[in-house]
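Asks:
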Amino acid sequence: MKPDLKQIQVPIENEMAQFELKFRDSMKSKVKLLDHITNYIVKRKGKQMRPMFVFLTAGVCGGINDATHRGAALIELLHTATLVHDDVVDDANYRRGFFSVNALWKNKIAVLVGDYLLSRGLLLSVDNGDFKLLKIVSNAVKEMSEGELLQIAKARKLDITEEVYYEIIRQKTASLLASCCAVGASSTESTDETIEKMREFGEKVGMAFQIKDDLFDYGEDEIGKPVGIDIKEKKMTLPLIFALQKADWLEKTKIINLIRNHSENKKAVNQVISFVKKSGGLEYAKTIMDRYYIEALDILKTFPESAYKTSLEGLVSYTIERKK
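Residue numbers for the sequence shown follow the numbering used here, beginning at 2 and rising by one.
So this is what it looks like as structure tokens:
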């Protein structure tokens, strides 16, 4: 049966409703312009999968408490700050189908809003003595920045190996989900062993999540990001890396030339997509994605049965089976 987000949220329905109010409260300011912008950010929120991972993990590890709520808000504040800054760096005018902060209020204000959200997250933890949670999330932000810079450095040469690709997505994407699950476990005062187990669980889910995202670039689902956007941005993803590994020198040179010099050309992008599909790149990526998915569920199996665990399993399935 297809996982449904409403059904998955049932054990944490009250917590998610409280979270929304607390998250709004954590962003409040005396500056009207800032309040106006943060209200805009809250209204265009996504599926809120990150707080769901925090609450469900805490439920599995012993129970949701005030520290869990603060941990979920901390992650959402810091992550929102990085998204606002990312849109400035990428000169992006849209985020989830809405105008980005920088598109509406320009770069200077967007950078300052990102800084404000970051400081609110730090103060939320410091004021409540949640230093362990702050360390987990701060480490994730560090990893995300390193992963992004590693990808930029490698994109210039278009020489990303499969090993480097895994390191990039581990840092860029998986580190955040890993921190969600580690924060959830840590908020319940679980043992270091349990926290590490949940961190590893989240990391594997994050790896599978990113590979799924990479597959959207090849139009495998009707809904999703624009087809070929990664190729246009010269991002080397797993299906393409695998296809290039299999190609002979001549074909490899031709494809790299198309990406390097003609990525704005729709016909060239379609040629690259066709090359990847013929080379079995999509099937290979799906195999690796499923491997991470199974490994994540194997870790979860070591925890006692509960409604939280069932929903967490459903949430993992949702990340793999989503259409956007």
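Ideal Cβ placement from N, Cα and C applies to all residues, glycine included.
According to DSSP, is E8 helix, strand or coil?
Replies: If you number the sequence shown from 1, residue 8 lands on position 7. The sequence as given places Gln at residue 8; Glu does not occur at that position. Looking at Q8 - three-state DSSP - the assignment turns out to be helix.
Asks: I need the boundaries of the alpha helix (DSSP H) containing R45, first residue and last residue.
Replies: Position 44 of the sequence shown, counted from the start, is the residue given in the question as residue 45. From DSSP, R45 is part of no alpha helix (DSSP H); its letter is neither H nor E.
Asks: Please list the terminal residues of the continuous alpha helix (DSSP H) segment that includes Y309.
Replies: Within the sequence shown, numbered from 1, the residue matching residue 309 stands at position 308. Residues A308 to E322.
Asks: Assign A209 to one of two classes, buried (16 or more other C-beta atoms within 10 Å of its C-beta) or exposed (fewer than that).
Replies: Counted from its first residue, the sequence shown places residue 209 at position 208. Buried.
Asks: Return the CA-CA distance between I76 and E252, expressed in angstroms with no decimal places.
Replies: Your numbering for residue 76 matches position 75 in the sequence shown. Your numbering for residue 252 matches position 251 in the sequence shown. Approximately 44 Å, taken between the alpha carbons.
Asks: Can you tell me whether I9 is buried or exposed? The criterion is at least 16 other CB atoms within 10 Å of its CB, across all chains shown.
Replies: The residue you call residue 9 lines up with position 8 of the sequence shown. With 16 or more Cβ atoms within 10 Å of its Cβ, I9 is classed as buried.
Asks: Among residues of its own chain, excluding the 5 on either side of V11, which ones have a beta-carbon nearer than 8 Å to its beta-carbon?
Replies: For the purposes of this step, residue 11 is taken as the residue at position 10 of the sequence shown. Taken in chain order, the residues that qualify are A308 and S312.
Asks: Taking the straight line between their C-alpha atoms, what separation do you get for L177 and L134?
Replies: Locating residue 177 in the sequence shown gives position 176, counting from the first residue. Locating residue 134 in the sequence shown gives position 133, counting from the first residue. Those two C-alpha atoms are separated by around 13 Å.
Asks: Whole alpha helix (DSSP H) runs in the segment 112-149 with 4 or more residues, listed along the chain?
Replies: For the segment 112-149, not a single whole alpha helix (DSSP H) run of length 4 or above is found.
Asks: Near L239, what residues of its chain come up, given a Cβ to Cβ distance below 8 Å and the 5 sequence neighbours on each side ignored?
Replies: The residue labelled residue 239 in the question sits at position 238 within the sequence shown. Here the set comprises E163, Y166, I212, D215, G282, Y285, A286 and I289.
Asks: If you scan the segment 229-281 from start to end, which runs of the alpha helix (DSSP H) of 4 or more residues do you find wholly inside it?
Replies: The qualifying runs are 230-233, 239-247, 250-263 and 267-279.
Asks: Considering only C-alpha positions, which residue in the set I295, D160, I110 and Q246 is nearest to F202?
Replies: For the purposes of this step, residue 202 is identified with residue 201 of the sequence shown, where counting begins at 1. That would be I295, whose Cα lies nearest to the Cα of F202.
Asks: Sort D291, R71, E204 and K247 by Cα distance to F276 and report the nearest one.
Replies: In the sequence shown, the residue the question calls residue 276 occupies position 275. For F276, the nearest C-alpha among the options comes from K247.
Asks: Would you mind sorting K33 into buried or exposed? The rule is 16 or more other CB atoms within 10 Å of its CB.
Replies: Residue numbering aside, residue 33 sits at position 32 when the sequence shown is read from its first letter. Label assigned to K33: exposed.
Asks: Could you please give the first and the last residue of the uninterrupted alpha helix (DSSP H) stretch that includes N66?
Replies: Here residue 66 corresponds to residue number 65 of the sequence shown, with the count starting at 1. Careful: N66 lies outside any alpha helix (DSSP H) and carries neither H nor E.
Asks: Distance check for K235 and K267, CA to CA, integer angstroms please.
Replies: Counting from 1 along the sequence shown, the entry for residue 267 is found at position 266. Counting from 1 along the sequence shown, the entry for residue 235 is found at position 234. If I take the Cα positions, the gap works out to 14 Å.
Asks: What separation, rounded to the nearest whole angstrom, lies between the Cα atoms of R51 and S120?
Replies: As a working note, residue 51 is residue 50 in the sequence shown. As a working note, residue 120 is residue 119 in the sequence shown. Approximately 19 Å, taken between the alpha carbons.
Asks: Whole angstroms are fine: how far does the CA of D218 sit from the CA of E322?
Replies: Translated into the one-based positions of the sequence shown, residue 322 becomes position 321. Translated into the one-based positions of the sequence shown, residue 218 becomes position 217. One C-alpha to the other measures close to 15 Å.
Asks: Could you check whether I110 and L57 sit closer than 8 Å to each other, using their CB atoms as the reference points?
Replies: Here residue 57 refers to the residue found at position 56 when the sequence shown is read from its first residue. Here residue 110 refers to the residue found at position 109 when the sequence shown is read from its first residue. For L57 and I110, no; Cβs fall outside 8 Å.
Asks: Just curious, the alpha helix (DSSP H) that Y167 is in, first and last residue?
Replies: What you label residue 167 is simply residue 166 of the sequence shown in a count that begins at 1. First-last of the alpha helix (DSSP H) with Y167: E163 to I170.
Asks: Sorted by chain position, which residues of the same chain lie with C-beta nearer than 6 Å to M28's C-beta, five sequence neighbours on each side aside?
Replies: If you number the sequence shown from 1, residue 28 lands on position 27. So the list reads T39, once near-sequence residues are dropped.
Asks: How far does the alpha helix (DSSP H) with I13 in it extend, from its first residue to its last?
Replies: As a working note, residue 13 is residue 12 in the sequence shown. First-last for I13: undefined, no H or E at that position.
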